[in-house]
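Everything below concerns the one structure shown next.
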């Protein structure tokens, strides 16, 4: 298996891991402030990555990590605040617009080329995500905030590729800075309560260790091996996995159009994985 195909499969695996966080976090933040949850999650992940990557963390990664961490926190922050003013389905669809923003951000920062296959895959992925979320197109204040979240996530994806030569230590810094931003916000606006419920503690441990420390380490290591806009389409499998695990854990069931959307996202992923072959043909 060549490195590109290996990277594609690993990023698809990361989408599956992040998909599990939807039902896990839904249970974990039921009676716990969301940004405080994020602060504990990224605090735990920071400690783990500091230990695992102690020989790979350097000073020249601090500022790039700051930028990536800021974009990541902005993504989570705008998304969480936006949820106060919009529906969850709107949030899910609009957040997925990072798939649309990513190639344009990559073009601006990296001068990356966009092929017709990329454009087709992105269009199909956006349509699929729209169907799977059942979103409305009536934009509210919350919708506008969530658009900023999508743009922030697009910058995070592209910045990882932009600073790919700085090494794995970058995974620590983006998580660390995200923890700092979350900590400051939660102290001022949520009083940073300690988690007491077993479900909340489990959710913090799972998302902190598996979905953050291990997953972001994999993202920093393998995402630079493919173009950032192709990575964005692979990440679009996250809502498919999210609905699958929500069904297993919470018993949630998709409507018919949701299954059509899931199928379209899988088609988009296949287009990206088969990109080189399709271009040659």
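Residue numbers (the numbering used here): 161 to 441. Where a beta carbon is used, it is the ideal one built from N, C-alpha and C, also for glycine.
{"query": "Residues of its chain near residue 216, where Cβ-Cβ distance is below 6 Å and the 5 sequence neighbours each way are ignored", "result": "327, 328, 329"}
{"query": "Residue range of the alpha helix (DSSP H) that includes residue 370", "result": "No alpha helix (DSSP H) holds residue 370; DSSP gives it neither H nor E."}
{"query": "Given residue 307 as reference, the closest of 411, 274, 262, 332 once Cα atoms are compared", "result": "262"}
{"query": "Where residue 192 falls: helix, strand or coil (DSSP)", "result": "coil"}
{"query": "Nearest to residue 239 (by Cα), restricted to the options 433, 211, 252", "result": "252"}
{"query": "Residue ranges of each alpha helix (DSSP H) within the stretch 176-230, 4 or longer", "result": "194-212"}
{"query": "Rounded straight-line distance, which links the Cα of residue 256 to that of residue 237", "result": "15 Å"}
{"query": "Where the alpha helix (DSSP H) containing residue 307 begins and where it ends", "result": "301-322"}
{"query": "Neighbour flag for residue 302 against chain D, beta carbons, 8 Å", "result": "Here there is only one protein chain, and chain D is not present."}
{"query": "Reduced DSSP category for residue 434 - H, G, I as helix; E, B as strand; rest coil", "result": "coil"}
{"query": "Residue 327 in three-state terms, based on DSSP", "result": "coil"}
{"query": "Straight-line Cα distance separating residue 194 from residue 352", "result": "10 Å"}
{"query": "C-alpha gap between residue 385 and residue 391, whole angstroms", "result": "9 Å"}
{"query": "Close-in-space but distant-in-sequence residues of the same chain around residue 373 (CB under 7 Å, 5 per side omitted)", "result": "205, 208, 209"}
{"query": "CB contact flag (residue 335, residue 383, <8 Å)", "result": "no"}
{"query": "Touching by the beta-carbon criterion (3+ pairs, under 8 Å), the stretch 180-197 and the stretch 278-293", "result": "no"}
{"query": "Beta-carbon proximity list for residue 421, same chain, < 6 Å, skipping 5 on both sides", "result": "288, 291, 292"}
{"query": "Residue 323 vs residue 399 beta-carbon contact at 8 Å", "result": "no"}
{"query": "C-beta contact flag for residue 285 and residue 428 at 8 Å", "result": "yes"}
{"query": "Inter-residue spacing [alpha-carbon to alpha-carbon] between residue 202 and residue 212", "result": "15 Å"}
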